[in-house]
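If you read the protein sequences in the order shown, they are chains A and B.
Here the first sequence stands for residues 1 to 437, where the numbers follow full-length UniProt numbering.
Here the second sequence stands for residues 1 to 276, where the numbers follow full-length UniProt numbering.
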Amino acid sequence: MTRTLRALMGATALTAAGFALAAQAETITIATVNNGDMIRMQGLTSHFTDMHPDIEVEWVTLEENVLRQNVTTDIATGGGQYDVITIGTYEVPIWGANDWLLSLDDLGDEYNVDDLLPAVRGGLTVDGTLYASPFYGESSMVMYRTDLMEAAGLEMPDEPSWEFIREAAAAMTDRENEIYGICLRGKAGWGENMAFLTAMGNSFGARWFDMDWRPQFDSEAWHNTLTFYIDMMNEYGPPGASNNGFNENLALFQTGKCGMWIDATVAASFVTNPDDSDVADSVGFALAPDNGLGRRGNWLWAWNLAIPASSDAPEAAREFIAWATGPGYTELVASEEGWANVPPGTRTSLYENQEYLDAAPFAEMTLRSMQAADPTNPAVDPVPYTGVQFVAIPEFAGLGTEVGQLFSAALAGQMSADEALEQAQELATEEMEAAGY
Amino acid sequence: MARAVTTQRKIAFTALAWIIGLAIFFPILWTILTSFKTEATAIADPPVFFNFDWTLENYTVVQERSDYMRYLWNSVVLAVGSTIFGIIIAVPAAWSMAFVPGKRTKDVLMWMLSTKMLPAVGVLYPIRLILIELGILDSKGALIFILMMINLPIIIWMLYTYFREIPGEILEAARMDGATLKDEILYVLTPMAIPGIASTVLLNIILAWNEAFWTLTLTTVDAAPLTAFIASYSSPEGLFYAKLSAASTMAIAPILILGWFSQKQLVRGLTFGAVK
Chain A
1 MTRTLRALMG ATALTAAGFA LAAQAETITI ATVNNGDMIR MQGLTSHFTD MHPDIEVEWV
61 TLEENVLRQN VTTDIATGGG QYDVITIGTY EVPIWGANDW LLSLDDLGDE YNVDDLLPAV
121 RGGLTVDGTL YASPFYGESS MVMYRTDLME AAGLEMPDEP SWEFIREAAA AMTDRENEIY
181 GICLRGKAGW GENMAFLTAM GNSFGARWFD MDWRPQFDSE AWHNTLTFYI DMMNEYGPPG
241 ASNNGFNENL ALFQTGKCGM WIDATVAASF VTNPDDSDVA DSVGFALAPD NGLGRRGNWL
301 WAWNLAIPAS SDAPEAAREF IAWATGPGYT ELVASEEGWA NVPPGTRTSL YENQEYLDAA
361 PFAEMTLRSM QAADPTNPAV DPVPYTGVQF VAIPEFAGLG TEVGQLFSAA LAGQMSADEA
421 LEQAQELATE EMEAAGY
Chain B
1 MARAVTTQRK IAFTALAWII GLAIFFPILW TILTSFKTEA TAIADPPVFF NFDWTLENYT
61 VVQERSDYMR YLWNSVVLAV GSTIFGIIIA VPAAWSMAFV PGKRTKDVLM WMLSTKMLPA
121 VGVLYPIRLI LIELGILDSK GALIFILMMI NLPIIIWMLY TYFREIPGEI LEAARMDGAT
181 LKDEILYVLT PMAIPGIAST VLLNIILAWN EAFWTLTLTT VDAAPLTAFI ASYSSPEGLF
241 YAKLSAASTM AIAPILILGW FSQKQLVRGL TFGAVK
């Protein structure tokens with residue numbers, strides 16, 4: 001009888017312990033986008049769960065715009081569906097200031113926060129608090145065909161001017177053979193053509209707003225930016241350029257139809273990959289062009305991991321972020337998939353690592369491009385906002401896209417550059433007044 | 001002479017129908033073809049139609065990366081569940097409107113249809129807040145209810161049209177034979193309206209299967225159907241056309257096969273009462 005009782009008690013205790021363990025296991029839901037580096041991180045999740053058997057990880061991969069909409073809705077309604085979210089540099093300062101994100105100031109010693117690239121870290125910090133941890137960062141630069149450049153009898157300098165880019169585009173264009181000297185974004189959207197044109201505008205001395213938040217599209221600098229862009233694209237760009245975004249231009253460049261392409265540094269690893277690119281052997285890199293005004297036409301962007309304030313498992317989420325964006329993860333990717341596949345653009349130490357520099361021929365230019373961008377002081381003249389290719393205010397997503405539609409229409413020939421600028425000025429003035437600036 | 005003209009017209013109409021049919025089917029065909037290409041071939045210019053090295057690599061990658069069966073199961077539960085509940089509510093509703101219409105029946109029908117004119121995003125926040133309050137966000141039950149509600153006007157309208165074709169005298173005769181209201185609907189009306197109900201069910205399953213606003217905005221993990229599966233393969237930076245096509249093909253295959261086998265009922269149902 002006693003033995004039976006003991007056995008029963010033992011079994012009960014074991015069951016209770018089992019339940020207790022099960023109850024301790026926390027599940028974190030991570031919302032992310034379908035980019036190569038993010039997908040690789042999903043594949044390596046088991047390394048994290050092996051180290052943290054008490055944490056289970058669920059992934060939700062969504063298209064960028066759907067992700068942005070779902071995460072915004074979730075935070076605004078306090079849904080608590082996500083514990084870790086992937087957000088861009090544009091959202092972090094706004095959401096951080098709104099207390100929508102939890103502080104990430106205490107990710108541990110191993111995380112080594114001082115190793116983060118200063119420009120990237122600065123864009124993710126609000127009032128001295130880090131609200132997101134960068135997973136990979138990018139700038140923009142010139143990617144060009146070395147063979148076409150040589151055939152044109154030109155040599156690309158490391159720091160080209162816009163005038164040189166136009167000259168080279170003219171020399172490389174061969175419309176009969178469907179080779180276009182220059183491929184640039186034309187598709188409307190704040191993160192599409194306006195990312196490029198805002199950064200280009202910086203190098204022409206243009207800015208979105210003056211220190212009193214008055215729109216500046218009626219300035220000479222914007223006139224010069226837009227007419228230069230449209231004239232160059234009409235003469236040396238591919239047909240239908242007003243529909244081209246990153247992926248369309250990537251396809252054009254990889255199939256040998258572009259002489260030069262100015263876009264995200266992350267494209268460098270795609271265009272030099274012989275499996276996908278016909279021109280992998282003949283690609284060169286240079287810094288984004290300038291006009292001698294002290295600003296280059298390159299942007300700064302990072303995809304970051306953050307914890308929404310509505311998360312119900314913030315500690316487990318913090319553990320995950322410390323793992324995925326810490327230096328140990330870089331080593332892990334290098335050992336599993338090679339140095340060329342390490343997420344770039346977040347840590348200084350990566351660019352001091354000879355193995356990485358050997359494996360990634362575009363590394364040096366990526367770092368120089370990122371260092372050349374200053375999100376807190378992006379334009380030639382002073383501005384009241386942060387952000388190189390965007391303006392970090394909530395109104396920008398809508399306004400940027402509407403202005404982008406006007407500029408895209410001007411590129412398609414539906415209106416002149418000056419008409420587009422005039423309408424952009426009216427639109428921006430109205431919206432900023434309505435928003436109370 | 002007249003016969004020659006008729007034959008010529010027949011040939012012309014047949015050719016035209018084929019051209020329109022192929023044009024409508026082309027995007028699906030192109031998606032299926034692209035799913036068997038490499039990423040490099042997928043963006044080849046000029047486009048390659050059949051003459052390429054066919055590969056199953058994209059399907060392998062998609063299978064490895066995503067739990068397809070979970071998404072498929074969720075899609076089946078949502079589509080079938082919302083349809084069954086919709087039919088249970090719509091049959092009595094359509095019966096009453098078809099056979100015992102009141103003064104305001106026409107207005108009620110129009111009002112129901114008008115709910116389809118409201119942009120869905122207009123009620124996103126209220127519905128989301130209700131679901132959070134009830135603790136059923138990202139649950140299949142909640143989504144079945146919502147999909148049922150948004151398709152209910154269409155189901156009622158379709159059934160109403162079919163029921164009106166059935167002579168009321170038959171129902172009266174059943175009543176004279178002592179049939180109760182339940183007997184009348186279950187044993188007399190429903191069997192006669194089976195073709196109409198079948199096509200309504202099929203159409204509703206297709207609509208629920210393809211619904212991509214609510215299923216994307218109200219789900220994360222537990223209730224996410226194939227629409228979320230496809231969305232996870234769209235990429236802002238990087239070429240994923242071939243993999244996206246493979247995911248799309250896997251998502252549309254079940255509903256395409258269902259549509260193929262039931263096209264007779266679908267066409268009959270959709271054209272029922274159209275030509276009088």
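Yeah, the Cβ is synthetic: ideal placement off N, Cα and C, and Gly gets one too.
Beta-bridge pairing of residue i - partner residues as DSSP gives them
i: Gly259 (chain B); result: Gly259 (chain B) is not bridged to any residue.
i: Gly338 (chain A); result: Beta-bridge pairing links Gly338 (chain A) to no other residue.
i: Pro308 (chain A); result: A:Leu101
i: Ile55 (chain A); result: A:Glu26
i: Val142 (chain A); result: A:Ile262 and A:Ala286
i: Pro134 (chain A); result: A:Asn304
i: Tyr241 (chain B); result: According to DSSP, Tyr241 (chain B) bridges with nothing at all.
i: Ala31 (chain A); result: A:Val60 and A:Ile85
i: Leu116 (chain A); result: A:Arg347
i: Phe209 (chain A); result: A:Pro215
i: Asp174 (chain A); result: A:Ile179
i: Arg296 (chain A); result: A:Asp290
Cα-Cα separation between residue i and residue j, rounded to whole angstroms
i: Ala22 (chain A); j: Thr129 (chain A); result: Low local confidence applies: a pLDDT of 45 at Ala22 (chain A) is under 50, so the model's placement there is unreliable, with the coordinate-based value given in what follows. For Ala22 (chain A) and Thr129 (chain A), the distance between alpha carbons rounds to 35 Å.
i: Thr386 (chain A); j: Pro254 (chain B); result: 49 Å
i: Arg40 (chain A); j: Glu426 (chain A); result: 45 Å
i: Pro195 (chain B); j: Pro167 (chain B); result: 16 Å
i: Ala397 (chain A); j: Gly191 (chain A); result: 8 Å
i: Gly86 (chain B); j: Phe145 (chain B); result: 9 Å
i: Ser96 (chain B); j: Arg164 (chain B); result: 11 Å
i: Thr198 (chain A); j: Ala188 (chain A); result: 13 Å
i: Asn244 (chain A); j: Gly108 (chain A); result: 43 Å
i: Pro308 (chain A); j: Pro327 (chain A); result: 23 Å
i: Gly256 (chain A); j: Asp278 (chain A); result: 7 Å
i: Ala173 (chain B); j: Ser262 (chain B); result: 33 Å
i: Ala97 (chain A); j: Glu91 (chain A); result: 10 Å
i: Ala193 (chain B); j: Tyr162 (chain B); result: 7 Å
i: Ser311 (chain A); j: Thr125 (chain A); result: 20 Å
i: Ala434 (chain A); j: Ala198 (chain B); result: 53 Å
i: Asn234 (chain A); j: Pro119 (chain B); result: 39 Å
i: Glu315 (chain A); j: Val267 (chain B); result: 56 Å
Residue j beta carbon less than 9 Å from that of residue i
i: Cys258 (chain A); j: Ile179 (chain A); result: yes
i: Asp138 (chain B); j: Thr219 (chain B); result: yes
i: Gly297 (chain A); j: Phe204 (chain A); result: yes
i: Thr34 (chain B); j: Ser245 (chain B); result: yes
i: Ala169 (chain A); j: Tyr236 (chain A); result: yes
i: Met432 (chain A); j: Gln423 (chain A); result: no
i: Ala242 (chain B); j: Thr60 (chain B); result: no
i: Asn35 (chain A); j: Trp303 (chain A); result: yes
i: Thr225 (chain A); j: Ala195 (chain A); result: no
i: Met156 (chain A); j: Ala268 (chain A); result: no
i: Ala247 (chain B); j: Ile230 (chain B); result: yes
i: Asp115 (chain A); j: Thr348 (chain A); result: yes
Minimum C-alpha distance to residue i - residue among the options
i: Lys140 (chain B); options: B:Thr31, B:Trp214 and B:Val121; result: B:Trp214
i: Ala25 (chain A); options: A:Met38, A:Arg40, A:Asp50 and A:Leu44; result: A:Asp50
i: Val77 (chain B); options: B:Leu216, B:Tyr241, B:Ser262 and B:Ala224; result: B:Ala224
i: Pro126 (chain B); options: A:Leu184, A:Asp74 and A:Glu138; result: A:Asp74
i: Thr265 (chain A); options: A:Trp100, A:Pro361 and A:Gln81; result: A:Pro361
i: Val60 (chain A); options: B:Leu56, B:Asn58 and B:Arg65; result: B:Arg65
i: Glu364 (chain A); options: A:Asp115, A:Phe135 and A:Asp158; result: A:Asp158
i: Arg318 (chain A); options: A:Tyr437, A:Val33, A:Phe217 and A:Phe48; result: A:Phe48
Residue i: CB within 8 Å of a non-hydrogen atom of the ligand MG
i: Ser199 (chain B); result: The ligand MG is not part of this structure, which contains no ligands at all.
query = When Cβ atoms are compared, which residues of the region 135 to 150 of chain A fall closer than 8 Å to chain B?
reply = none
message = Short of 9 Å Cβ to Cβ, which residues in the region 123 to 134 of chain B face chain A?
response = Leu124, Tyr125, Arg128, Leu129, Leu131 and Ile132
inquiry  = Beta carbons nearer than 8 Å to chain B: which residues of the region 269 to 292 of chain A have them?
reply    = Phe270, Asp275, Asp276, Ser277 and Asp278
Against chain A: residues of the region 231 to 255 of chain B by CB proximity under 7 Å = Ala231, Ser232, Tyr233, Ser234, Ser235, Pro236, Glu237, Gly238, Leu239 and Phe240
task = Residues of the region 199 to 230 of chain B with a CB closer than 7 Å to any CB of chain A: list them in chain order, please.
result = Leu216, Thr217, Thr220 and Val221
inquiry  = Give me the subset of the region 343 to 364 of chain A whose CB atoms are less than 8 Å from a CB atom of chain B, sorted by chain position.
reply    = none
request  = Give the residues from the region 80 to 101 of chain A that approach chain B closer than 9 Å (Cβ to any Cβ), ordered along the chain.
outcome  = Gly80, Gln81 and Tyr82
task = Would you list, in chain order, the members of the region 95 to 125 of chain B that have their beta-carbon closer than 8 Å to a beta-carbon of chain A?
result = Leu124 and Tyr125
task = Could you name the residues of the region 58 to 82 of chain B whose beta carbon sits closer than 9 Å to any beta carbon of chain A, in the order they occur along the chain?
result = Glu64, Arg65 and Ser66
ask   = Which residues, in order along the region 35 to 49 of chain A, keep a beta-carbon less than 9 Å from a beta-carbon of chain B?
value = Asn35, Gly36, Ile39, Gln42 and Gly43
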